[in-house]
Amino acid sequence: AGIIAGLLTLGFVIKLLASIVAAFVLHKLFRRQSGELINHLNSNFLMSTLVGFIAFIAGPILAIVLMVSFVGFYIGLIVLVLWFGLFLLSGLLGAVFAGSWVVKKLGKKSELVVDWQAIVIGVVGLAIIKLIPILGFLFIAVLFLASMGALLRKLYDVIKNNQSAQADSVPLNL
104 AGIIAGLLTL GFVIKLLASI VAAFVLHKLF RRQSGELINH LNSNFLMSTL VGFIAFIAGP
164 ILAIVLMVSF VGFYIGLIVL VLWFGLFLLS GLLGAVFAGS WVVKKLGKKS ELVVDWQAIV
224 IGVVGLAIIK LIPILGFLFI AVLFLASMGA LLRKLYDVIK NNQSAQADSV PLNL
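Residue numbers for the sequence shown follow this note's numbering, so the first one is 104 and each next one is one higher.
The structure is reproduced here in structure tokens:
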């Protein structure tokens, strides 16, 4: 029993450290975007949660329907890969948002700031909250869905801006 408890504790600590490192690396690579995502999440939490819930349910269904149709097999695979990517990033974004919110409240700051303290507090805090049987799961699920919705909104904005930039710069030769 002691060995099993030790292995579980070691696994918990390794997962915690891996999450902190992953969130820190993503923040360093996408500093401006992570700040925009956190602010969008803060100002549009309910709408982001609704969009995330719809995407969480509809993403795999859409991917399966497309893959079964054979014509849309590759598009279905792309949708599935994007859904898994959003799934992974949503957990990290939720932790960073929670940490930024706690740092704002404790530091009595006027706005959310993403820094190493917010990342560590968010990841560790959510790991502790996950241990609360039912309420912890519900809190994490809502935060996860809101983060997924915010990421989808950002992805939509990037695609829309990219398409409008291409339409402006590419002349039509008819």
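Even for Gly, the Cβ is constructed at its ideal location relative to N, Cα and C. Here the structure is a predicted model, which is why all the values come from computation and not from measurement.
With residue 252 and residue 137 assumed to form a contact (beta carbons below 8 Å), what rounded beta-carbon distance in angstroms separates them?
That belief does not hold up - the Cβ atoms of residue 252 and residue 137 are roughly 16 Å apart, past 8 Å.
Report the residue ranges of all alpha helix (DSSP H) runs contained in full by the segment 125 to 156; include only those spanning at least 4 residues, in chain order.
134 to 146
Less than 7 Å separating the beta-carbons of residue 206 and residue 221?
yes
Measure the C-alpha to C-alpha separation of residue 164 and residue 208 and round it to an integer number of angstroms.
39 Å
I need the boundaries of the alpha helix (DSSP H) containing residue 227, first residue and last residue.
219 to 232
In whole angstroms, what is the alpha-carbon distance linking residue 191 and residue 184?
11 Å
Helix or strand or just coil, what does DSSP make of residue 278?
There is no way to answer for residue 278, as the model of the chain reaches only from 104 to 277.
Determine the closest residue to residue 204 out of 123, 232, 181 and 144, with distance taken between C-alpha atoms.
144
Less than 6 Å between C-beta atoms, sequence neighbours within five positions excluded: which residues of the same chain meet that for residue 197?
246, 247 and 250
Would you tell me roughly how many angstroms separate the C-alpha atoms of residue 81 and residue 140, rounded to the nearest one?
For residue 81 there is no data in the structure shown, the boundaries of the chain being 104 and 277.
With C-beta atoms as the reference, is residue 234 less than 7 Å away from residue 126?
no
Taking the beta carbon of residue 172 as the centre, do at least 16 other beta carbons fall within 10 Å, making it buried, or is it exposed?
exposed
On the CB-based measure, 16 or more other CB atoms within 10 Å of its CB, does residue 261 come out buried or exposed?
exposed
What is the DSSP secondary structure of residue 106, reduced to helix, strand or coil?
helix
Test item: CB-CB of residue 225 and residue 201 under 7 Å
yes
Starting from the C-beta of residue 119, find all residues in its chain whose C-beta is less than 7 Å away, skip the five residues before and the five after it, and write them out in chain order.
226, 227 and 230
Contact under 7 Å by Cβ, residue 199 with residue 123
no
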